[in-house]
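Participant: In UniProt numbering, the protein residues as written are 1 to 233. Glycine residues also receive a C-beta, built at the ideal position from the N, C-alpha and C atoms. The structure displayed is predicted, hence computed values, not measured ones. Before I ask anything, let me first share the structure, which is written out below as structure tokens.
Laid out in structure tokens, this is it:
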């Protein structure tokens, strides 16, 4: 007479060994990082939304497919810097007239205020990898007008920027993807008019559900941010 082990079929099977294959990183096909100046982009969008106190009315009218005019009216208090802990608010109102030209490779935006100030922005794609950005503010007050030009070069897995501004301002930054999720960068600047210089470093780690960034500079700046995606909405 045989044993039960010989008669009854085996009902248990040995546990399957789950082999986790390590992701092979192709260092020749890393993603292009975002610009150095935008490493805190997700945190700024979440923590500093466009909020205001008062009344604002915006109207835009398209003249052609690429050209449009805009009108903006704002009425409400504005905060004035103060040495005391109390917030000082002064009621104000202003009107802006704007003109916009939008093209796939060229963007021109201009705004004129009631006090005579003119704000202008330019973005031009010189090539597929090189773009030019410029912004300027012209005022009637002496020594208050300023402008800046930014050249942005987009590499396969890196970005580099060169900034030139009035007051003998020169700045440069570089950011490089070292893994599919981690990018490291550095910046330096020289303000000739104020005889000041500085250097900074930054790191950014991002996945599909989170973004963590850190930035330090010789000027005393220390900035840390963390954004977690909790749902698809």
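#1: Nearest-angstrom Cα distance between residue 68 and residue 46?
#2: Roughly how many whole angstroms lie between the Cα atoms of residue 26 and residue 186?
#3: How about residue 36 and residue 202: do their beta carbons lie closer than 8 Å?
#4: What residues in its chain sit with their C-beta under 6 Å from that of residue 225, if we drop five residues either side in the sequence?
#5: Between residue 149 and residue 161, what straight-line distance do the alpha-carbon atoms span, to the nearest angstrom?
#6: Which residues in the same chain have their Cβ closer than 7 Å to the Cβ of residue 227, if we skip the five residues on either side of it in sequence?
#7: The ligand ZN and residue 212: does any heavy atom of the ligand fall closer than 7 Å to the residue's C-beta?
#8: Is the separation between the beta-carbon of residue 61 and that of residue 77 shorter than 8 Å?
#9: Start and end of the beta strand (DSSP E) containing residue 144?
#10: What are the residues that DSSP puts in a beta bridge with residue 226?
#11: Can you pull the DSSP bridge partners for residue 104?
#12: So the alpha helix (DSSP H) residue 60 belongs to, where does it begin and stop?
#13: What is the residue span of the alpha helix (DSSP H) that residue 45 lies within?
#14: Let me know the secondary structure DSSP gives residue 96 once reduced to three states.
#15: Go through its chain and collect everything with a Cβ distance to residue 135's Cβ below 8 Å, but skip five positions before and after it.
#16: Going by C-alpha to C-alpha distance, which of 116, 51, 169 and 75 sits closest to residue 195?
#17: Just mark residue 30 as buried or exposed, buried being the case when its beta carbon has 16 or more other beta carbons within 10 Å.
#18: Which word fits residue 183, buried or exposed, when buried means at least 16 other C-beta atoms lie within 10 angstroms of its C-beta?
#19: Is it the case that the Cβ atoms of residue 72 and residue 58 are separated by a distance below 8 Å?
#20: Would you kindly work out how many angstroms separate the C-alpha atoms of residue 128 and residue 66, rounded to a whole number?
#21: According to DSSP, which residues form a beta bridge with residue 124?
#22: Quick check: the Cα distance between residue 143 and residue 137, rounded to an integer number of angstroms?
#23: For residue 113 and residue 141, which I take to be in contact (beta-carbon distance under 8 Å), what is that distance rounded to the nearest angstrom?
Facilitator: With the given structure in hand:
#1: 29 Å
#2: 24 Å
#3: yes
#4: 40, 43 and 213
#5: 10 Å
#6: 42, 43, 46, 210 and 211
#7: The ligand ZN is absent from the structure shown, which contains no ligand whatsoever.
#8: no
#9: Per DSSP, residue 144 belongs to no beta strand (DSSP E) and is neither H nor E.
#10: 212
#11: BP columns for residue 104 are empty, so no partner.
#12: First-last for residue 60: 55-62, but that is the beta strand (DSSP E), not the alpha helix (DSSP H).
#13: 41-47
#14: strand
#15: 119, 120, 121, 122, 147 and 148
#16: 169
#17: buried
#18: buried
#19: yes
#20: 21 Å
#21: 106 and 132
#22: 11 Å
#23: In fact, because the Cβ distance is near 13 Å, the residues do not count as touching under 8 Å.
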